[in-house]
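In this note's numbering, the protein residues as written are 12 to 370.
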């Protein structure tokens, strides 16, 4: 191991030794940033308001997140954006700035079929829906039943109407929906090293053995995810951990087992670091096209991303979509009259529909 002075922290000593061996002279700034007070990340919900309009009415001072046009950092550490009525109204989602890169990198388009395989609590899912402009099919799957409710609540709060919420295993989805989706996000459960200062349990349960256990689960999830991506489609693998075993290691094994996938060279940014396949025995050279976000290059706690494209195979066979009926003119007129009499701001014209006879 390389010799570096280790700042006094509550972080696991072996974790610090590992990071020092990989980061070299960046180790000190890394630990300082990782243990500093967290940035308050705020992503504007473009389904309800534009970033420019929100900046004009924001009750908090904001600084842009450089890689996400709809992302901001709240610069007042005393601000409590989670208790503001704008939050309850779904004008924004409080999200770590490094997590905002997922929607930007996967970049779903309106009308596409998109799957978020590990979706709760919904931060990345709602970002995908906004990028899709609520058009297309967005499947938000969460295997843990207790987390599905939080996912559904966030989708409802942010006005997502294109999403289907499921509580299924990745394997069962892959067996039914092979090659169905244009884009698939795997925000994999991980050792959460980037969340150490926000989640004491992540520190308590961390060990090299736990890291390897996470890597095994991630490999299994990716096997199912691979089957769900259509030919010509994209798969984004994401974690909020720094452990190369869970990032370049998992990806290296996956790429060798799935030659139909290649790593996409995404748009670079000064705050983005490349992947480091040299940190693992299973490293694949093309993983230098992956992206690492570090807390000392900020803002945010840090993430790993690898965007893959799939080639070959047959086009998917998809079920037909049907149109939900619009309300009759008389019903619409009565509702609009009610809105004019009772609401301060006009109700949006689009989005009204009938469901089981109800508006």
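For every residue, glycine included, the Cβ atom is placed at its ideal position computed from N, Cα and C.
Owing to the predicted nature of the structure, the values given are computational and were not obtained by experimental measurement.
Helix, strand or coil at residue i according to DSSP, with G and I counted as helix
{"i": "residue 192", "result": "strand"}
{"i": "residue 232", "result": "helix"}
{"i": "residue 373", "result": "There is no way to answer for residue 373, as the model of the chain reaches only from 12 to 370."}
{"i": "residue 47", "result": "coil"}
{"i": "residue 100", "result": "coil"}
{"i": "residue 93", "result": "helix"}
{"i": "residue 285", "result": "strand"}
{"i": "residue 209", "result": "coil"}
{"i": "residue 181", "result": "helix"}
{"i": "residue 355", "result": "coil"}
{"i": "residue 243", "result": "strand"}
{"i": "residue 203", "result": "coil"}
{"i": "residue 224", "result": "helix"}
Beta bridge counterpart(s) of residue i as assigned by DSSP
{"i": "residue 316", "result": "249 and 302"}
{"i": "residue 197", "result": "248"}
{"i": "residue 273", "result": "320"}
{"i": "residue 127", "result": "151 and 196"}
{"i": "residue 83", "result": "53 and 75"}
{"i": "residue 105", "result": "53"}
Range covered by the alpha helix (DSSP H) that runs through residue i
{"i": "residue 175", "result": "It is not in any alpha helix (DSSP H) - residue 175 instead sits in the beta strand (DSSP E) that spans 174-177."}
{"i": "residue 167", "result": "156-168"}
{"i": "residue 142", "result": "134-142"}
{"i": "residue 294", "result": "Premise fails: residue 294 is in no alpha helix (DSSP H) and is neither H nor E."}
{"i": "residue 32", "result": "24-34"}
Where the beta strand (DSSP E) through residue i begins and ends
{"i": "residue 119", "result": "From DSSP, residue 119 is part of no beta strand (DSSP E); its letter is neither H nor E."}
{"i": "residue 217", "result": "Careful: residue 217 lies outside any beta strand (DSSP E) and carries neither H nor E."}
Test item: CB-CB of residue i and residue j under 8 Å
{"i": "residue 131", "j": "residue 155", "result": "yes"}
{"i": "residue 319", "j": "residue 245", "result": "yes"}
{"i": "residue 51", "j": "residue 84", "result": "yes"}
{"i": "residue 135", "j": "residue 114", "result": "yes"}
{"i": "residue 315", "j": "residue 292", "result": "no"}
{"i": "residue 176", "j": "residue 247", "result": "no"}
{"i": "residue 140", "j": "residue 22", "result": "no"}
{"i": "residue 178", "j": "residue 142", "result": "no"}
Next item on the list: Could you tell me whether the segment 41-51 touches the segment 305-320, where touching means 3 or more Cβ pairs closer than 8 Å?
Entry: yes
Notebook entry, point to check: Should the segment 161-176 be called in touch with the segment 199-219, which here means at least 3 C-beta pairs below 8 Å?
Noted result: no
Item checked: Any 3 or more C-beta pairs closer than 8 Å across the segment 223-238 and the segment 251-259 -> yes
Check: Is the segment 115-128 touching the segment 97-104, taking contact as three or more C-beta pairs under 8 Å?
Finding: no
Next item on the list: Take every Cβ of the segment 278-291, pair it with every Cβ of the segment 208-222, and state whether three or more of those distances are shorter than 8 Å.
Entry: no
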